[in-house]
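Student: Residue numbering for the sequence shown follows the working numbering, beginning at 3 and increasing consecutively. One structure follows; several queries about it will come next.
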Amino acid sequence: MRSIIFATGNEGKLREIRQIMADMDVEIRSMKEEGITTEVKEDGTTFEENAIIKAKAIAELTKEIVLADDSGLEIDYLNGEPGVYSARYMGEKTSYEIKNQAILDRLQGVAKEQRTARFVCVIAAVFPDGTVRIARGTIEGYIGEKPAGENGFGYDPIFYVEELGCSTAELTDAQKNKISHRGKALRAMKEMLNENNDCK
């Protein structure tokens, strides 16, 4: 079985990634499992730039196929914030409970139709020959009036999906993976990986 390194230290992301890619004959290994402690400075201005920066940096170290994602929450009323700074919003060590409440406070009194938002996920794959492939996925929704649900992670408790009438933190893993931004991007990336002989 061929292994792929996924450049993330986020256990929630890694769990979702392994679930979605479970049907591939590929072992997904984390940076921690590879003993990689390098911190990559993500100073791009788009999700695409940051995903490529991260994947290239780890690929140069390992000479393996490396996947990296950059993802975040875009809130239209807040001019796209927190966007590419989603993980660093209010500081990387600030809990998401505090981050989520801060967003709710900023949207206090704002009508539902103006609370539109989306999750965005961009996955970059860097192959040993230097080839770079990109996949992007989004899910549209809105910011609710209060947090709900115990599943998921990050901003899931405040992100609601209109057609489901609940937050993404109220979905099971299977339900969320089917519709999520990360699920869409990973399924597109799986097709690209299957086109590569190293991953068949």
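Using N, Cα and C, we set each Cβ at its ideal position, and we do this for glycine too. Since this is a predicted model, take the numbers as computed values, not measurements.
With DSSP as the reference, identify every bridge partner of Asp25, one or two as the case may be.
Tutor: Paired residue(s): none; Asp25 is not in a bridge.
Student: Checking the sheet assignment: what are the DSSP bridge partners for Pro159?
Tutor: Bridge partners of Pro159: none, in fact.
Student: Here's a check: name, in chain order, each residue in its chain whose Cβ is nearer than 6 Å to the Cβ of Glu13, leaving out the five neighbours to either side.
Tutor: none
Student: If we call anything under 8 Å between Cβ atoms a contact, is Glu172 one with Gly156?
Tutor: no
Student: Within a Cβ cutoff of 7 Å, which residues of the same chain sit near Ala57, ignoring the five residues on either side of it in sequence?
Tutor: Ala9, Val68, Leu69, Ala70, Ala126, Ala127 and Val128
Student: Can you name the residues that DSSP bridges to Pro84?
Tutor: DSSP lists Glu76 as partners of Pro84.
Student: Are the segment 96-114 and the segment 179-196 in contact at 8 Å, needing three or more beta carbon pairs?
Tutor: no
Student: What three-state label does DSSP hand Ala137 in the structure shown?
Tutor: If DSSP states are grouped into helix, strand and coil, Ala137 belongs with the strands.
Student: What's the C-alpha gap between Phe161 and Ile77?
Tutor: Each residue's Cα considered, the two are about 10 Å apart.
Student: So Ser88 packs on Gly111, CB below 8 Å; how close in whole Å?
Tutor: Actually they are not in contact, since the Cβ atoms of Ser88 and Gly111 sit about 23 Å apart, beyond 8 Å.
Student: Tell me the DSSP bridge mates of Phe121?
Tutor: Leu75 and Ile141
Student: Express the C-alpha separation of Thr133 and Ala24 in angstroms, rounding to a whole number.
Tutor: 24 Å
Student: Taking Cβ to Cβ, would you say Gly46 is nearer than 8 Å to Ile55?
Tutor: yes
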